[in-house]
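Colleague: Okay, so the sequence shown: first residue is 64 according to this note's numbering, each after it adds one.
Each residue gets a CB set at the ideal place from its N, CA and C atoms; glycine is no exception.
Note that the structure is a prediction, hence the values are computed from the model and not measured.
Sharing a structure here in structure tokens format.
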Amino acid sequence: MTKADVIAQISEKTGVEKADVQQTLETFFTVVKDSLADGENLYVRGFGSFINKKRARKVARNISKGESMIIDEHFVPSFKPAKVFVEQVKTSDSLKSVVEK
Numbered sequence: 064m065t066k067a068d069v070i071a072q073i074s075e076k077t078g079v080e081k082a083d084v085q086q087t088l089e090t091f092f093t094v095v096k097d098s099l100a101d102g103e104n105l106y107v108r109g110f111g112s113f114i115n116k117k118r119a120r121k122v123a124r125n126i127s128k129g130e131s132m133i134i135d136e137h138f139v140p141s142f143k144p145a146k147v148f149v150e151q152v153k154t155s156d157s158l159k160s161v162v163e164k
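In structure tokens, the structure reads:
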């Protein structure tokens, strides 16, 4: 499902114009990105958490040059689904039919 599909589906279910849904969705994405960039986690009850995960400093290898390089400690964005969300996906009948194919 693409972003355009999500916008169309929300518009259809709510009766809100696609342009308004698109602006709202884009604003939500901007808030999530800005919050994580500022070091703030975002918690959406019943859906999940957008969090920054800390990656430790490590030594990596550039295989093509055969050199070692150090990757400093850094943060990466991550999503952790809520338990309710996980249970809904686990018990979904539509996913069971996809796995059986």
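#1: Quick one: grab the DSSP three-state call for F110.
#2: Mark I134 as exposed unless 16 or more other C-beta atoms lie within 10 angstroms of its C-beta, in which case mark it buried.
#3: How many Å lie between V147 and M132 at the Cα?
#4: What did DSSP end up calling A67 once you bin it into helix, strand or coil?
#5: Can you grab the Cα-Cα spacing for the pair F113 / D68, in whole Å?
#6: Classify V122 as helix, strand or coil using the three-state DSSP reduction.
Modeller: Taking the definition as stated:
#1: Coil.
#2: Per the 10 Å Cβ criterion, exposed.
#3: Between V147 and M132, the alpha-carbon positions lie close to 42 angstroms from each other.
#4: Look at A67 here: in three-state DSSP terms it is helix.
#5: Roughly 22 angstroms between the two C-alpha positions.
#6: Correct three-state label for V122: strand.
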